[in-house]
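The structure appears right after this line, and notes come after that.
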Amino acid sequence: MTSAAATPAVDALADSPEVQRWAYGLVLTLTGIALGVSGMPAPLYGIYQSEWHLTPLTTTVVFAVYAFAALGAVLVSGTISDSVGRKPVLLAATVTLVVGLVIFLFASNVWMLLAARTLHGAAVGSIVVAGAAALMDLRPDHGRRTGQLSGVAFNIGITFAILCSSLLAQYSPYPLRLPFVVIGALVVAIGIGVLALRETHTDRTSGPLRIAKPSVPAEIRTDFWFAALGVMASWSVLGVLLSLFPTLAAARTGVHNLVFGGAVVAVSAFAAALVQMVVTDLEARRAALIGDVAMAATLLLTIPALISHNPYAVFAVSAALGGAFGLSFGGSLRHLSNVVPADRRGETMSAYYLLAYSAMAFPTIAAGAAATEWGLAAIYPWFAAAAALACVAAAVLGLRNTSPA
7 MTSAAATPAV DALADSPEVQ RWAYGLVLTL TGIALGVSGM PAPLYGIYQS
57 EWHLTPLTTT VVFAVYAFAA LGAVLVSGTI SDSVGRKPVL LAATVTLVVG
107 LVIFLFASNV WMLLAARTLH GAAVGSIVVA GAAALMDLRP DHGRRTGQLS
157 GVAFNIGITF AILCSSLLAQ YSPYPLRLPF VVIGALVVAI GIGVLALRET
207 HTDRTSGPLR IAKPSVPAEI RTDFWFAALG VMASWSVLGV LLSLFPTLAA
257 ARTGVHNLVF GGAVVAVSAF AAALVQMVVT DLEARRAALI GDVAMAATLL
307 LTIPALISHN PYAVFAVSAA LGGAFGLSFG GSLRHLSNVV PADRRGETMS
357 AYYLLAYSAM AFPTIAAGAA ATEWGLAAIY PWFAAAAALA CVAAAVLGLR
407 NTSPA
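In terms of the numbering used here, the numbers along the sequence shown are unbroken and rise by one, the last being 411.
In structure tokens, the structure reads:
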């Protein structure tokens, strides 16, 4: 028989976030599908280009505004979630995702695409930061496992969303409408779960909201630049992979089925997820070094694969590139997390993501501008070579680094 004195303790336990055993999985799913939403237009850019007569530069600008908006969200959403809680930030970002999908659904011009991508960037940046904090709130003693699962969720979300988008765009009567309806319904369903989520962060901070100031402690600058060069090279590749590569792969192989273009990107994301699941026991700096070198090699291999006009060769090198990306990005992030002082994490990670999103946006726009002038097939080898050099530079810095990981 339960005494009356025990009732408050029972009620407190029932109200604790730990009782919601599904909460951890829900937040992981939300972060995964948010990254999926960011990549799902990739197979559709070719349709927009042909039907709306867009140049490659316009396409890459549409993609890049996402990165700029995400960067802004990354710099402020952590502080906001510390002040008002994780749930309000996650809920607002989920609503913003849906609004962006609705704009995509009814888009009739480039300005609507730009608005939708801006909203999605802000939403995804907020979900990545507040979601990571919520996962740590729910399982504070499983930081390494949470980092691994988050990386896997990101890539699985991109894989699922791009395959779903390309299948619906290819075989449905409404290629620029139905993908956003289906993914939007899924996001709404997840949003209902977020509504039921109990707040995970009860120790609120006070005072005015501040943007996290990017800064790097002097004692870890070599480690930082090793990690930063790795993420800059890998994310610049990701930007072109999601904006221009499906169109280029279709043109070079002669396979114009949208599922092919989507699958080329999806196989890269899926390979990255598999690698991140398998190599968690590999020391972080070593994983990043292997990833940087492998990315340089596979980037160069994409050139003959495209020249061969063989779709199987393009698939194979895309999978290899994805695996190298998983090693490079995952290892670099783990290495930086291991060496950054605990009291400098916010400003250091702000600097890290500032460079990461800049590397996603600016090289992508530059590639689009060059492709508009000289053609995508002509400029891609130069882009691949430049990105490969950046990967090699990151590896050289890593070899010089003697700090413990």
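Beta carbons are placed, not taken as given, at the ideal position from N, Cα and C, and that holds for glycine.
Here the C-alpha atom of L50 lies approximately 21 Å from the C-alpha atom of A76.
When secondary structure is reduced to three states using DSSP, N316 falls in the coil class, being assigned neither helix nor strand. By the neighbour-count criterion, in which a residue is buried when 16 or more other Cβ atoms sit within 10 angstroms of its Cβ, R27 is exposed. Here the alpha carbon of V194 sits roughly 12 Å from the alpha carbon of A99.
Inclusion of I133 and L36 in the CB contact set at 9 Å is warranted, their separation being smaller than that value. Close CB contacts of T165 within its chain, under the 6 Å cut and outside five residues either way in sequence, are with A272, A275, F276 (chain order). Counted as a single uninterrupted DSSP element, the stretch harbouring W28 is not any alpha helix (DSSP H), since DSSP gives it neither H nor E.
DSSP places G91 in the coil class of the three-state scheme, outside both helix and strand. In the structure shown, the three-state DSSP call for E289 is coil. With the rule of 3 Cβ pairs closer than 8 Å, the region 356 to 368 counts as touching the region 228 to 245.
Here the region 152 to 160 does not lie against the region 55 to 73, with fewer than 3 beta-carbon pairs under 8 Å apart.
Contact check between the region 361 to 375 and the region 237 to 246: three or more CB pairs, one atom from each, fall below 8 Å, which counts as touching.
By the neighbour-count criterion, in which a residue is buried when 16 or more other Cβ atoms sit within 10 angstroms of its Cβ, K219 is exposed.
CA-to-CA, the gap between I226 and L169 works out to about 40 Å. Cβ-Cβ separation between F110 and A128: approximately 15 Å, too far for a contact (criterion under 8 Å).
Each residue's CA atom was taken as its position, placing E205 and Y177 some 41 Å apart. Distance check between A303 and each of F331, L60, Y72, V43 places F331 closest, using alpha-carbon atoms only. Cβ contact annotation for V323 (same chain, cutoff 8 Å, sequence separation greater than five): T304, L307, T308, A311, in chain order. Restricted to the region 207 to 275, the alpha helix (DSSP H) segments that are unbroken, complete and at least 4 residues in length are 227 to 249, 251 to 259, listed in chain order.
Counting of Cβ neighbours within 10 angstroms places N115 among the exposed residues, the total staying below 16. A check of alpha carbon separations from P62 across L174, A401, A377 identifies A377 as the nearest.
Under the three-state reduction of DSSP, P347 is assigned to coil, being neither helix nor strand. For F266 against A256, the beta-carbon gap comes to about 6 Å, under 8 Å, which counts as contact. Taking the C-beta atoms as reference points, A191 is found no nearer than 9 Å to L182. Excluding five sequence positions before and after E353, the CB atoms of its chain that fall closer than 7 Å to its own CB belong to A218, K219, P220, S221, given in chain order. Here the alpha carbon of V261 sits roughly 36 Å from the alpha carbon of A401. Taking all protein chains in view, the Cβ of D143 is crowded by 16 or more other Cβ atoms within 10 Å, so the residue is classified as buried. In the DSSP assignment, S132 falls within the unbroken alpha helix (DSSP H) covering 116 to 144. A residue is called buried once 16 or more other Cβ atoms fall within 10 Å of its Cβ, and F112, having fewer, is exposed. Between P146 and V346, the gap from beta carbon to beta carbon reaches 9 Å or more.
One alpha carbon belongs to L333, the other to A326, and they sit about 11 Å apart.
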